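*Asks:*
Protein chains in written order, with the UniProt record's numbering: chain V, 1 to 807; chain Z, 1 to 807.
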């Protein structure tokens, strides 16, 4: 049982509060053994400058405070250690103080006025830069590079080897029959052996495919392990945690950015069942974090920085799907914790800038904003809601199953020897993927291409296998009317069915490996395949049985009533919804892909069903499940605290424990204070009365005492420490006392012992607290930290409370 | 100076805490003298049922509490008076308790399980009903009726008098030249005198136009005054206040709904410069409030009800503009206070249902979802951002000016005799409007028609005056190329310029009259006219001077480079943005009108400029200005509290005042308690220690004592009242003591006296408090109420603190 008081996570041993930020210790986080000295490339921002205590507002004396030059300039006071939670209230208060100071100064001189104007517009400028950088350099670059590398697995362009397949054939001057069979593009077999047909050439291409896949994935995993362990995974669980106020130094640093960008391209090109959309959010957040250094306002304030990161998450989705509004709603719904209206507006701006930058780069070559441009010709009918809801159920079931299986697999990786060989794991999975994927054209193509093909509405002249309908000339009705399936289509359906099973299985073991990997595309692919299969099934049913009662009245012979592409789209939304539990943002992203309001209703029906079904098996989405797996201190804002416990049941000390460790406002010595163990202490009037005066962090205490020792004469271990307004009376021969009122938080949050925990949790969430004191009839009784709450919640849910690792 | 303690507004005299809810007193609110007995048609919901104290959670003893049958069933405890602010924390806690109870019961029996399922889905069902009702019965009905009545001012359909002009001519079998000059539709002059041309006929039509306008407005204002005074205005300021937690009984009642629906049609038809979009939000909220009665969960809980109302606001905008996503963002950005993610998702659902219901009714006759469907052919060029920003500046200036002028006029109405003759005012303004509007075809048509015409992109065959270009056959370039303006267009421009001045002036005095009136359409009309004028100007400039350097490279001769309709749209967005200060939602609504992502950038540039320019003159939008004008207790969530005062500067009692009125936890008698004056009291251990135990409302105290007198023997004025766990020792002959711990809030919020006010304001906003106690070193010092904060803010802004009327 933990002792009462406020401990900062399980890392007390490793990260002693007075440790330097750049210590070289190894910490196991997210299953990876990380070397802090190499990842901590971003200077610990909060210690980068002096935090004037006079302007933090939390010292509470306001403008009338007597300035104490010693206290005011202690560097490091008010900053945070790594793997700790920030205090939102303190950060926001600091920012308001800074703003107030600038506003006051701006009335005095023109220079100051200009400075204040710059300050006011720096947020917008930052957003512009984030949008431009994420949209162009990264998203565009990643798209182009991934396209080229993916095609390299199949062959090479003879005229210019840096052209991808499509581009190569566009540039071709020669005539050729099929669009993608130009003479300039040669498969590896053709290049090496000169033969493009036959079993030998096939095997040759097969081998080269596997070779490139292994090479890419080996490069990716090696780079990640060597330079930036934080670059692995999708990054969204960690970003959610960071946005909720946690500090992981280096997670959004420049090395992470560089390595993640490169390895993302490699991982996607290696043909693994992963997408680049989720990691793009991480990449955009890295950009934003690095750009924050340019502006003092954002560099020095953890809360303000998180506002920018929220906007960056929107930018990430905006460039991933070309859906700026969907991106903003994704940030609001899925990743952000504190999302004021100002941030909404700025995110929207940044998302738009990014989307337009991307469009001007035109990586998809279709001058469209969106990844999958879809245009459907036929409306849908109310009867079709039934299959759409079916797809929703499938999506929900698959989402729930996927989360369980993936978490079980990741837990296995953490707890068994499997986790010790990440490179081998990646290579084995890549080899398996390549081996199984090559023979099937639907798994050989990249996830995005597959989805694009499945969403496609067959036109009359479409040569793709999926549009292999028999031509019938009934003479009546629409030229796009439903037609009977032909040989080609049946083959395609078999292949799709195999692809579905393959994708479902391989994605479970792929997500969570030590390479950058997103879930959006694989989830959507699974759903799109299922949807397309159902769609074609419905279409054939309607064609052969248009006299059935369910088709009566809307689907006569020769009419174009079923659009299999729409089913694929609905299926994709359902599966993505089941896995991530996104709702509004998902529907809006899909709406932005099609541009037609009328397809919102099917999407909504499927997403809603999928969420309900998946929620029935477990309320957590994949990101929340990974957060919990890694023991991050994340207080889910969506879930209600349902239990009827009171603050007194959760607080420390428990009834059997020794009393709470407190400091008294006078009468303690420097030595006594230095020999304490907890991270923070309430300060009381006296041990007897237990009347609360304030709260002080051990880190700030030690920094201040250290500083005082250096700068003030006569501070020894027996010097008295006092937190009261006036120095206590002392014997004349005593050493001079040390006044530490300046570092004390004079407005600690308190709740009474009778406060129901649901209210307490609400307060923690809404105000972003990291601790709260508990009183009874005006006397201090105990303390509740965010970790205590999370442990309590884990206990209620019959989980191991010790799985919560950080504070 | 007010006395220390917690007073409930300035209405103490009128609304004594123990008064019945249905008192007949007259209260002046929003400038209207209202008769409560007639408007309070909706039963005061919160007193409708018994609120079991055992399930409120705020009594704090949790599940282990000994059940005290007397305390548990006191009706009315925990409810609110009219014109008071709710306590969000208490309401949400109540709902969680209710939910917990249902969940616990659901494990016991199948019936209870079904009940719990019903309860879980009741929110969705309610949303469906709100969407259906608002979309169909109201929005559709209002559209159709307003269309018909508006046309009635000009003439009548001979075949079927209930057809409007357009419908009448559609139904016509005869041939006629101009689309809207069918023989079936006869102007009044034609009908009465048989002549359709000439001065006499013109005057005849003019007179009839004025007659109908006066008749409609007279009817509207009379109905509003007689049956539902709350039906006047746009309703958005009041809804914002209600959503922030204020209670105005009857504001969303069934009479308000009926009367507002009818009078809205009349007011719009009378030709006054007002729109129906804002009031539709009020109408949708009334629907939602009435439908809430069907579900206990929403009927009995003020916080839950507000979630539904937030969604209803989204529905209102969704049906007004056919923009469901924009509607949801409008609710989030502009009107809502507490908008959890669950509400976001449900609002979206309701908004979609409403939009599709409206579409199936098809009131605009174009089977489009949107009010103004726009399709532009030409893209815009970067150079055009300059005129777009100019439009933004115009919009911002006009917005700021409009708000000032309108508020000055409304203040005048409140303070002078003008306010005593609302009927005459409405009639005079209607007469003026009709007199001036008839001669100009652009003011004669309704606002929505005008905007629609201005947004329109001229095709070659367009016969409208605005498309009166000279036909040139250059032989080169686009058939839609820029052409020189002809006679007709010059006439149109003159008329538009006059219409602009007229609309700008008349809207100032129209908004705020005692008829339902929205601002969206008039504001957009002003901006659209200005935009179209600028657009045509730019077009002619480009035509005649395409060799100028600004047109070089993108606007050669014979090209279609300038789209005046787009300018009109940007201007409309800018002006609406300047008046309401909407940002994201405005851009998204406009985006949903056009459906093209590429026009977002001009819209965004104009909206941003407009907001910045308008904010430079005053940070309040029109709705906030009206809220302040009416003295509602609204704590603006968007604005930061900038001043550096501390809690001790704001709290009551002030330094010179007598000490805070408190109750002690024992030792007081029933008589002493009953003779108190304030609305609420902190309960302390003893007068000496001032250690806080809890907080109790006078209303709850009086209700409980009343109840105890009726049900418990021997309660007299000298009976002791105690709030402690155990009864105090008493002399044996004393009357039995009364235990009131159950009605005491055992977890009152406290802050220390040193807490900066910015943090305190944040706490109030985020938690939705109505009061907060102030302590110093564990002793109770004072109290801060929402009203105190608002007064303090008014004082800082150099406004009259007494303008804040309510608590």
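Glycine is no exception: its CB is placed at the ideal position from the N, C-alpha and C atoms.
These numbers were taken from a predicted model, which means no experiment stands behind them.
CA-CA distance, residue 280 of chain Z and residue 495 of chain Z?
*Replies:* 30 Å
*Asks:* Where do the N-terminal and C-terminal ends of the beta strand (DSSP E) with residue 680 of chain V fall, by residue?
*Replies:* Taken as a continuous stretch (DSSP letters only), the beta strand (DSSP E) holding residue 680 of chain V covers 680-684.
*Asks:* Does residue 412 of chain V pass the burial test, meaning 16 or more other C-beta atoms within 10 Å, or should it be called exposed?
*Replies:* exposed
*Asks:* Here's the rule: buried if 16 or more other CB atoms are within 10 angstroms of the residue's CB, otherwise exposed. What is residue 417 of chain V?
*Replies:* exposed
*Asks:* Anyone know if the C-beta pair for residue 354 of chain V and residue 131 of chain V falls short of 9 Å?
*Replies:* The Cβ-Cβ distance between residue 354 of chain V and residue 131 of chain V falls below 9 Å.
*Asks:* With residue 789 of chain Z as the anchor, note down where its alpha helix (DSSP H) starts and where it stops.
*Replies:* Unbroken alpha helix (DSSP H) run through residue 789 of chain Z: 786-796.
*Asks:* Can you pull the chain V neighbours of residue 685 of chain Z, defined as C-beta to C-beta under 9 Å?
*Replies:* Listed along the chain, the chain V residues whose CB falls inside 9 Å of the CB of residue 685 of chain Z are 777 and 778.
*Asks:* Report the option in V:403, V:422 and V:513 whose CA atom is closest to the CA atom of residue 581 of chain V.
*Replies:* V:403
*Asks:* Do residue 234 of chain V and residue 519 of chain V have their CB atoms nearer than 9 Å?
*Replies:* yes
*Asks:* To test your reading of the DSSP string, which unbroken alpha helix (DSSP H) runs of 4 or more residues are found completely within the region 409-472 of chain V?
*Replies:* 422-437, 441-444 and 447-455
*Asks:* Applying the 10 Å Cβ sphere with the 16-neighbour rule, what's the burial state of residue 807 of chain V?
*Replies:* buried
*Asks:* Of all the options Z:557, Z:766, Z:511 and Z:290, which has the alpha carbon lying nearest to the alpha carbon of residue 276 of chain Z?
*Replies:* Z:511
*Asks:* So which residues of chain V does residue 100 of chain Z contact, with C-beta pairs closer than 7 Å?
*Replies:* 642 and 644
*Asks:* Is it a yes or a no for the region 754-772 of chain V touching the region 775-788 of chain Z, going by three-plus beta-carbon pairs under 8 Å?
*Replies:* no
*Asks:* What in chain Z is Cβ-close to residue 692 of chain V, meaning under 9 Å?
*Replies:* 752, 775, 777 and 778
*Asks:* Might you give, ordered along the chain, the residues of its own chain that have their beta carbon closer than 8 Å to the beta carbon of residue 804 of chain Z, omitting 5 neighbours on each side?
*Replies:* Correct list, in chain order: 631, 633, 787, 790, 791 and 794.
*Asks:* Using beta-carbon positions only, say whether residue 341 of chain Z and residue 332 of chain V come within less than 9 Å of one another.
*Replies:* yes
*Asks:* Do the region 533-548 of chain V and the region 280-294 of chain V touch if we need at least three Cβ pairs shorter than 8 Å?
*Replies:* The region 533-548 of chain V vs the region 280-294 of chain V: no contact.
*Asks:* Consider the Cβ of residue 787 of chain V: report whether some Cβ of chain Z lies at a distance smaller than 9 Å.
*Replies:* no
*Asks:* Can you give me the start and stop residues for the alpha helix (DSSP H) that residue 718 of chain Z sits inside?
*Replies:* Per DSSP, residue 718 of chain Z lies in no alpha helix (DSSP H) and is assigned neither H nor E.
*Asks:* Suppose you measure from the CA of residue 7 of chain V to the CA of residue 697 of chain V; what does that come to, to the nearest Å?
*Replies:* Bear in mind that the predicted position of residue 7 of chain V carries a pLDDT of just 44, short of 50, making it unreliable; the figure below should be weighed with that in mind. Whole-angstrom Cα-Cα distance: 11 Å.
*Asks:* Just curious, the beta strand (DSSP E) that residue 185 of chain Z is in, first and last residue?
*Replies:* 185-187
*Asks:* So within the region 651-677 of chain Z, which uninterrupted beta strand (DSSP E) runs reach at least 3 residues, ignoring any that extend past its ends?
*Replies:* none
*Asks:* Please report the distance separating the alpha-carbon of residue 449 of chain Z from that of residue 268 of chain Z.
*Replies:* 12 Å
*Asks:* For residue 516 of chain V, list the residues DSSP reports as bridge partners.
*Replies:* V:233
*Asks:* State yes or no: is the beta carbon of residue 797 of chain Z nearer than 9 Å to at least one beta carbon in chain V?
*Replies:* no
*Asks:* In chain Z, which residues lie less than 7 Å from residue 766 of chain V when you measure between Cβ atoms?
*Replies:* 766 and 767
*Asks:* Using a Cβ cut-off of 9 Å, pull out every chain Z residue sitting near residue 604 of chain V, in sequence order please.
*Replies:* 348, 349 and 352
*Asks:* Taking the alpha-carbon of residue 384 of chain V as reference, which of V:498, V:244 and V:602 has the nearest alpha-carbon?
*Replies:* That would be V:602, whose Cα lies nearest to the Cα of residue 384 of chain V.
*Asks:* Taking the DSSP output, what are the residues bridged to residue 485 of chain V?
*Replies:* DSSP, once it has assigned bridges, lists V:469 as partnering residue 485 of chain V.
*Asks:* So, does the region 500-511 of chain V touch the region 236-253 of chain V, judging by three or more C-beta pairs under 8 Å?
*Replies:* no
*Asks:* Does the contact criterion of 3 or more C-beta pairs under 8 Å hold for the region 315-325 of chain Z versus the region 91-109 of chain Z?
*Replies:* no
*Asks:* Taking any Cβ of chain C, which residues in the region 325-343 of chain V have a Cβ under 9 Å from it, in chain order?
*Replies:* Considering every chain present, this structure includes no chain C. Its protein chains are V and Z.
*Asks:* Taking CB distances under 9 Å as the criterion, tell me whether residue 608 of chain Z reaches chain V.
*Replies:* yes
*Asks:* Give a yes or no on whether 9 Å exceeds the smallest Cβ distance from residue 826 of chain Z to chain V.
*Replies:* The structure shown does not extend to residue 826 of chain Z, since chain Z is modelled only from 1 to 807, so the question has no answer here.
*Asks:* Run down chain Z in chain order and give the residues with a C-beta less than 7 Å from the C-beta of residue 600 of chain V.
*Replies:* 352
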